[in-house]
Ligand code: 13P
Ligand code: SF4
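Residue numbers (the numbering used here): -9 to 292.
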């Protein structure tokens, strides 16, 4: 940890009335300087209530866009413009328009891991913490859902709606690397451990899990459950917060390969730079903001 750098960040935060919101997959050095840590839903909720002039969003592009949509009067800064979620980039607005033409009665629920342009075409957004509930709340039999096919599969198991995936097979490359054999291997090594998996994991991994949870859901379960050992099937950095907040329990990564490169683009140096120069402000047109805000707010209301 770089104490002088962190002291400078703290000073600038106070001077500029700024707040640092960070996702649970951020590097430990970024987690240490954050005012608030959370999953996508918690970050969206926090962004809608936070009292600050500047929000430094340490996460990926769609998270910063969500914060900007909910706070059109605040400056939202993304410390690295390379922090782009490849899954969010898999869905294009034209595909939604086409799917709506083909299924005119269907409602559109999009994972928050989408661009602002896509959100503007959705009836509601969802996150990994609430996807089945949001889909179930739609007043249509068919629901156009994207871009994560694995999350779509998870929803399908828990909902009466017919799910139409767009694109046909969107995925998160980091979660897709976690293999069923790795879970079985870890379970053989740690027979008393509970398996906690993210719904972006492949169905074979979800089927081997004791619980399927968002990143903050995993934190809650690890605290509440009496078990002392957990196998964690999600992005590797998740173990940092789990271990820190549960020092007497043991956590094992399901796979060493589950690393999200986009999340690692942010570090304490570029947080300082963003704050100092107020650079990389997220800008979204007024029209898109108004439409996308409706979809995010529908989620928050449900
Ligand atoms: P959570 O909302 O569960 O934190 O997940 C966000 C994400 O991008 C997972 O890959
Ligand atoms: Fe996107 Fe996957 Fe990274 Fe989450 S872990 S930000 S879905 S690439």
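Ideal Cβ positions, reconstructed from N, Cα and C, are used throughout, including at glycine.
Burial state of residue 248 is buried, judged by a 10 Å Cβ sphere holding 16 or more other Cβ atoms. Chain-ordered, the residues whose CB falls short of 7 Å from any heavy atom of ligand 2 come out as 15, 50, 75, 76, 77, 78, 103, 162, 163, 164, 165, 190, 225, 250, 252, 253. Taking a C-beta distance under 8 Å as the contact criterion, residue 37 and residue 12 do not qualify as a contact pair.
When DSSP reads this structure, residue 135 sits in a beta bridge with 99, 155. Residue 242 sits in a strand when the DSSP states are folded into three classes. Per the coordinates, the alpha-carbon of residue 104 lies some 37 Å from the alpha-carbon of residue 180. At least one heavy atom of ligand 1 is found less than 7 Å from the C-beta of residue 29.
With contacts defined as CB atoms closer than 8 Å, residue 212 and residue 232 qualify as a contacting pair.
In the structure shown, residue 266 adopts helical secondary structure according to DSSP, grouped into three states.
Taking 4 residues as the minimum length, the alpha helix (DSSP H) runs contained wholly in the stretch 195 to 259 are 205 to 214, 228 to 235, in order along the chain.
By the C-beta criterion, the stretch 31 to 46 is judged not to be in contact with the stretch 208 to 227, since fewer than 3 inter-stretch pairs fall below 8 Å. Assignment of residue 274 by DSSP, reduced to helix, strand and coil, places it in the coil class.
At least one heavy atom of ligand 1 falls within 7 Å of the beta-carbon of residue 117. Taking 8 Å as the cut-off, the Cβ atoms of residue 78 and residue 154 do not count as close.
Taking all protein chains shown into account, residue 129 has fewer than 16 neighbouring C-beta atoms within 10 Å of its C-beta and is therefore exposed. In this structure residue 134 does not touch residue 168 by the C-beta definition: roughly 27 Å separates them, more than the 8 Å allowed. The stretch 104 to 150 contains, as complete alpha helix (DSSP H) runs of 4+ residues, the segments 106 to 109, 121 to 126, 139 to 146 (chain order). Counting along the chain, no alpha helix (DSSP H) covers residue 13; the unbroken beta strand (DSSP E) around it starts and ends at 8 to 13. Of all alpha-carbon atoms in 272, 281, 230, the one lying nearest the alpha-carbon of residue 64 is that of 272. For residue 205, the shortest C-beta to heavy atom distance toward ligand 1 is below 7 Å.
When secondary structure is reduced to three states using DSSP, residue 34 falls in the helix class.
In this structure, residue 188 has its CB closer than 7 Å to one or more heavy atoms of ligand 1. One alpha carbon belongs to residue 122, the other to residue 292, and they sit about 11 Å apart. DSSP places residue 45 within a strand segment (E or B) once states are collapsed to three.
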